Each structure stands twice: as C-alpha cells, then as structure tokens.
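The opening residue of the sequence shown carries number 0 in numbering that gives the first Met the number 0; numbering runs sequentially from there. Here is the structure we will look at, set down as structure tokens.
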Amino acid sequence: MVDQQETEISFRDSVDHMVDRALATMDLAPDVAEAVKACNAVIQLRFPVKIRGKVEVFCGWRAVHSTHRLPAKGGIRYAPYVNQDEVEALAALMTYKCAIVDVPFGGSKGGLAIDPRKYERDEMELITRRFTLELVRKGFLSPSTNVPAPDVGTGQREMAWMADTYKHLMPEDINYTACVTGKPVEHGGIRGRTEATGRGVQYALQSFFRHPEVVSEASLHGSLDGKRVVIQGFGNVGYHAAKFLSEQDGCKIIAIVDRSGQIYSEKGLPVEAVRNHKLVHKTLDGFPGAEFSENGLAALERDCDILIPAALEGVINLGNVARVKARLIVEAANGPVTFAADQVLHERGIVVIPDAYANAGGVIVSYFEWIRNLSHIRFGRMQRRFDELRGAHYVDALEAVTGQQVPAGVQAKIRSGASEEDLVRSGLDDSMRQAFDGILETRASTEKITDLRTAAYVNAIRKIARSYLDIGVY
Ligand code: GLU
0 MVDQQETEIS FRDSVDHMVD RALATMDLAP DVAEAVKACN AVIQLRFPVK
50 IRGKVEVFCG WRAVHSTHRL PAKGGIRYAP YVNQDEVEAL AALMTYKCAI
100 VDVPFGGSKG GLAIDPRKYE RDEMELITRR FTLELVRKGF LSPSTNVPAP
150 DVGTGQREMA WMADTYKHLM PEDINYTACV TGKPVEHGGI RGRTEATGRG
200 VQYALQSFFR HPEVVSEASL HGSLDGKRVV IQGFGNVGYH AAKFLSEQDG
250 CKIIAIVDRS GQIYSEKGLP VEAVRNHKLV HKTLDGFPGA EFSENGLAAL
300 ERDCDILIPA ALEGVINLGN VARVKARLIV EAANGPVTFA ADQVLHERGI
350 VVIPDAYANA GGVIVSYFEW IRNLSHIRFG RMQRRFDELR GAHYVDALEA
400 VTGQQVPAGV QAKIRSGASE EDLVRSGLDD SMRQAFDGIL ETRASTEKIT
450 DLRTAAYVNA IRKIARSYLD IGVY
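Here you go:
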C-alpha cells in the first residue's frame, strides 16, 4: 500500500465521505441514505492449506455491500496488504459502479492476504480451490447471488479454478459457468473481457472529449489526438488503456510507471514494445530511447494533460496533491485519489473522471459474460451469417439500382456480420457513453453539484434509492 499522510482517513472512510458529500446535495430521507450506505455482510475466512509439507493458514474476506439487485458482483484481489477495510470500501464502490453504468448487480468484493509471487502455480491452485470451497459453503459464491471476477493479483487462471471447483461442488446447477466472470474463453469466458477495463477507460475519455464544455473545464481543448498522457500502473488495465489511447486516439504516452520505476520520453513511448521489454526483463529499466528512474511515484507529479492512475488506492494524497500538474485525472484504479486530495484537486481546477465510472468497463463486460453463460450460447452465433447474407443482398440491390459496382472496401463493411467481440465492444461503448451523459445530466440537475465524482455518486444513489423505495425494505 502507498504511504499516505498519517492525518488521512482509511480507504473505506474516504469512500464514505465521498458518498456523504453526494448525499448532502440530495433530499434523501436519512433512513434510506443509511440503507444505501450500509455494508450488508462481510465474512472473514481462515483456512489451512498444506504447502511444501507445512500447514499454512490463509486469511480472506468477501464483503457484500448491496443486494438490491442480485447477484452481488465484484472482483477478488490477491495481495499481501489486503484487509477488511479495503475489501468493504471496494465492495461499496462496486455498488455505485454498477448503478452508474446500469449493470443490474449489487456490489461485492473479495480479498485474500497472500503474495502470489511466493507460491508455485500448483500451490496457487490448491489455495484458490480451498478458498472457493469456503466461499461456496458459506453462501458467498454462486451464479445467482454472488459472482466474483478478477482484480489485482488474479486473472483468468484463478477464475477457471474457481469455476471448476464450483462445478464439482454443484453439478446440478445448470448455470455453474456463471458463478465467476473473467474466465478463459475456452471455459465459458467472453471475448474482450481481459482488455475490457482498459477499453472502458478509453471510452470514458472519448465520452469526455465529446463534450467541449467539459473539456474546457479542465483547461484542455480539441480532441484526444496529441494529448500527453502519464500511465501509473502497467498491469492489465494500465497496459490496455495506454495501448488503445496511443494506437487508436493519437495520445502520446510520455511516461509509464510500474513496480520497478518509471520511463519517460517526450516523444511518446511505443506501448507494445514497452510491454515486451517488461515481459522479458521484468523491469522498465533499460528500455531504449527513454529515461528511467526508480522513483515511480514522482511520475504522478509530471507535467501532462492526462494522468491515469491504474494501480492501487491512495496514490494521490495530501502528501503529493499540491504538486500534481495534470489537467485531467482518470481513475482507472479503484480509489487512487483520497477524499482529502480530491477536495484539493477540485479547488485547483483539476478535473477527475471518477473510478466508479472510469473503470466500470470490467464489470460491464462481466455482465455480458454472465448473460452469455446463462443463455449458454455465444453472442452472434445465431445471427452473424444471416447478417452477412442480408449484407450481400443490400450490395446486390445497390448495384442493381445504381448500375454501378459497390467499391470492395464498402462491400466488405456492408457484408460483414458482427462477431462476439464486435458486439461486446459495441455494448461497452454504448454503456460508457450513456453513463457519461447520465452523469452530466445529474450534474446539470442541481447547482449544488460541481464535480463529476459527486455527480456520479448522486446518479448512482438516486437509482439505488429508487429501487429500495419501489420495492420496500424487509
Ligand atoms: N475487479 C473489477 C472491478 O473492480 C471487475 C469486477 C467484475 O467484473 O465483477 O471493477
């Protein structure tokens, strides 16, 4: 965990304060507000696993923040510093995240206190299977009530083990593959899930830049093309966000930070080459044509247009916020800006696209995966060839009417039917655009809201409160 100023509150309190700030702009009855805020359940599990001839006791958590929609959804994090406070904060964020992007799930999150780098693959499998068993037995994992996904320190591999363990425990459950999302495609996963959070960050930025009036609030102008971007965190999310923004939107990635330090090049870094260098050398050091420094956190203070923290919580805090020079911060990680730092950024006119919106791409595509698993069919399987045939008819009709040949490039576009990946991308893009417009509409609805984070929370709380009020609480 990143050092914060001692005066700062915990992550969970930070999220609570942000929600309170949103509630202060609303006329919600205090009891309903309390119902929205409360963490519904949290379980702590301690379980023994025999590793290299010795018994080790592991400690994990799963918090369910809300159940106004089921299943409750959220990742499972493997890291040595995981604790209950963090898991509860992240579960609450999942509730608001799902509401903002209209994903019909409650919020949940899990964590296991472990340093995965210290264990062999087979040991990780044993530990994950045992953790899954505990979660299933205690009612904290099932396709209908609680569905985990990858988070920091976990990925497809862990999800495949979890799904397989659940299948063996519950062979009668016809929907067993839907018990976790983020699985490998061969085991019921969906194409496009791995890169979904990074792609969602790209779509969030594209949505932002479609609104010149909001862009100018950040003292920026024009499009994403040529914007100077700093990426802090080069895991799954940071890598994909950097890749898509540089390859498709013309952004210049001037600095990349990972555990080893930061590399900097004013000309812009070739993201794919950096990734390959990191895979081979396990460090950013030595990447040709870039300056390396071990002080990764100093990159947060670099002069740039857009800063994308894509690693862990609390990296922008009272200790460094005064020195942040970015015009726009996009929270690709969960909770990278503390509550106190957020206030300072707002006073300084630095715009923040908040986590609960900016990194929702992962859970949006998890929702698509879950639906795919419940319907037991790949998206597009029934209609792709039919659409292609219809496209061919359009081309024939166009040529018959005009007496001219449709150019080959146009023909190819008209004739092509959507693949599962196309559909996932389209659904993700649509969800991110709609949600951003929703956040702006919420902000415009009252003068009491000025920043995007408060607008996003108010947007979420209104939806959640409506669901409590419509159905009632029992
Ligand atoms: N762990 C991701 C998040 O924080 C994804 C959660 C999910 O897909 O359920 O949003």
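For each residue, glycine too, the CB sits at the ideal point set by N, CA and C. Since this is a predicted model, take the numbers as computed values, not measurements.
To the nearest angstrom, how far is the alpha carbon of Asn235 from that of Gly285? Cα-Cα distance, rounded: 21 Å.
Helix, strand or coil for Cys303, going by three-state DSSP, please let me know. Here Cys303 sits in coil by DSSP.
Length of the line joining the Cα atoms of Gly225 and Thr337: If you take the alpha carbons of Gly225 and Thr337, they lie about 29 Å apart.
Put Val18 into one of helix, strand or coil per three-state DSSP. If DSSP states are grouped into helix, strand and coil, Val18 belongs with the helices.
Put Lys108 into one of helix, strand or coil per three-state DSSP. Strand, per DSSP.
Member of Val48, Thr176, Val409, Ile42 whose CA lies at the smallest distance from the CA of Val394: Restricting attention to Val48, Thr176, Val409, Ile42, the CA atom closest to the CA of Val394 is found in Val409.
Other residues of its chain near Arg20: CB distance less than 7 Å, five sequence neighbours each side excluded: Correct list, in chain order: Thr453.
Below 9 Å between beta carbons: does that hold for Met158 and Pro147? Between Met158 and Pro147, the C-beta gap is smaller than 9 Å, which places the two residues in contact.
Any idea what DSSP makes of Asn145, helix, strand or coil? Residue state for Asn145 is assigned as strand, using DSSP reduced to three classes.
Return helix, strand or coil for Arg442, following the three-state DSSP convention. Note: Arg442 maps to helix in three-state DSSP.
So what does DSSP say about Glu346, is it helix, strand or coil? In this structure, Glu346 counts as helix in the three-state DSSP scheme.
Residue range of the unbroken beta strand (DSSP E) whose run includes Asp257: Run containing Asp257: 251 to 257, per the beta strand (DSSP E) assignment.
Segment contact flag, the region 163 to 179 with the region 343 to 363, C-beta cutoff 8 Å, min 3 pairs: Verdict: no, contact absent.
Using the three-state DSSP reduction, which class does Pro308 fall into: helix, strand or coil? Shown here, Pro308 sits in a strand according to DSSP, grouped into three states.
Hey, His67 and Ala91 are a contact pair by Cβ (cut 8 Å); roughly how many whole angstroms apart? Going by Cβ atoms, the distance from His67 to Ala91 rounds to 13 Å, so no, they are not a contact pair.
Taking the alpha-carbon positions, what's the Asp30 to Phe130 distance? Taking the straight line joining both Cα atoms gives about 36 Å.
Relative to the ligand GLU, is the shortest distance from any of its heavy atoms to the C-beta of Leu451 smaller than 8 Å? Outside the cutoff, so no.
Please indicate yes or no: does the CB of Ser365 lie closer than 8 Å to some heavy atom of the ligand GLU? In this structure, Ser365 has its CB closer than 8 Å to one or more heavy atoms of the ligand GLU.
If you draw a straight line from the C-alpha of Val1 to the C-alpha of Arg274, how long is it? Legend: pLDDT at Val1 = 46, less than 50; position of this residue unreliable, value from coordinates given subsequently. Taking the Cα positions, Val1 is about 24 Å away from Arg274.
Ser292 - partner residues in DSSP beta bridges: Under DSSP, the beta-bridge partners assigned to Ser292 are Gln261.
Does at least one heavy atom of the ligand GLU sit under 8 Å from the Cβ of Pro149? Answer for Pro149: yes, Cβ within range of the ligand GLU.
So which of Ser218, Lys137, Thr127, Leu388 has the shortest CA-CA distance to Ala325? If we check each option's Cα against that of Ala325, Ser218 comes out closest.
Is any non-hydrogen atom of the ligand GLU found closer than 8 Å to the C-beta of Leu327, if you look at the structure I gave you? Checking the 8 Å criterion, the Cβ of Leu327 is out of range of every heavy atom belonging to the ligand GLU.
Helix, strand or coil for Gly334? Go by DSSP, reduced to three states. In the structure shown, Gly334 adopts coil according to DSSP, grouped into three states.
Enclosing beta strand (DSSP E) for Ala159 [first to last residue]: Boundaries for Ala159: no beta strand (DSSP E) harbours it, while the alpha helix (DSSP H) harbouring it runs 155 to 168, taken from the DSSP string.
Return yes when the Cβ of Leu451 is within less than 9 Å of the Cβ of Ile305, no when it is not. With contacts defined by Cβ atoms closer than 9 Å, Ile305 and Leu451 do not form a contacting pair.
Given Glu246 as reference, the closest of Arg156, Ala289, Gly334, Gln201 once Cα atoms are compared: With distances taken between CA atoms, Glu246 lies nearest to Gln201 out of Arg156, Ala289, Gly334, Gln201.
Heavy atom of the ligand GLU less than 8 Å from the Cβ of Gly73, yes or no? Correct: Gly73 has its Cβ closer than 8 Å to the ligand GLU.
Tell whether a beta-carbon distance below 9 Å holds between Gly361 and Thr196. Result yes, Cβ atoms of Gly361 and Thr196 sit closer than 9 Å.
Helix, strand or coil, according to DSSP, for Val1 in the structure here? With a pLDDT of 46 at Val1, under the threshold of 50, the modelled position of that residue is not reliable, and the figure given next carries that caveat. Val1 falls in the coil class under three-state DSSP.
Just the Cα atoms here: how many angstroms apart are Thr153 and Met25? About 38 Å.
May I ask you to report which of helix, strand or coil DSSP gives Glu271? Assigned with DSSP and collapsed to three states, Glu271 falls in helix.
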